[in-house]
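Data first, discussion second: the structure below is written as structure tokens.
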Amino acid sequence: MVMESELNTGLLLFLPYRALENRIFAALAEAGFDDFTPAQARVMQRIGPHGTRLTELAEQAQITKQTAGFLVDQLEKAGYVTRVPDPTDKRARLVCGAAKARAAKEVADGVVAEVEKEWEEHLGRRRMKQLREALTLLRE
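Okay, structure coming up:
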């Protein structure tokens, strides 16, 4: 049996993330948003408020452009995204979130707030603030 202190930092970061993700997907399914996958969600999360080009989505999600295109095609068929001409370059298209995506995001945001409140109650306000600061520094 592996002791908690023996777990590597990556795994220690991943476990609470996966628990959060599972709670989000359970709430989404309960609200009727059960027709997209975690991979599709990771692409959808990266769509900016005014739309995002497919190449940028692929780069941000660290997947190939082909994979991003496949996932966006599925999201479009399910009604979560639309594609519109890019006003800055008529040859390019932007992937935009549809009303269905915004409704799903509201559900997900509620779960995130609930889980973060639980984490803060468990860790205490000071440690939760330190955790967020440390993770923000690691992003850099």
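All residue numbers for the sequence shown refer to our numbering, where the first residue is 377 and numbers rise by one. Think of the CB as a built atom: it goes at the ideal place given N, C-alpha and C, for glycine as much as any other residue.
{"Item": "Buried versus exposed, by CB contacts within 10 Å (16 or more), G427", "Value": "buried"}
{"Item": "The segment 424 to 439 touching the segment 482 to 497, judged by at least three CB pairs closer than 8 Å", "Value": "no"}
{"Item": "Given 8 Å, three or more beta-carbon pairs between the segment 408 to 420 and the segment 436 to 448", "Value": "yes"}
{"Item": "Under the three-state DSSP convention, the category T428 falls into", "Value": "strand"}
{"Item": "Where A479 sits in the DSSP three-state scheme", "Value": "helix"}
{"Item": "DSSP three-state assignment for A468, whether helix, strand or coil", "Value": "strand"}
{"Item": "Per-residue DSSP class, three states only, for D449", "Value": "helix"}
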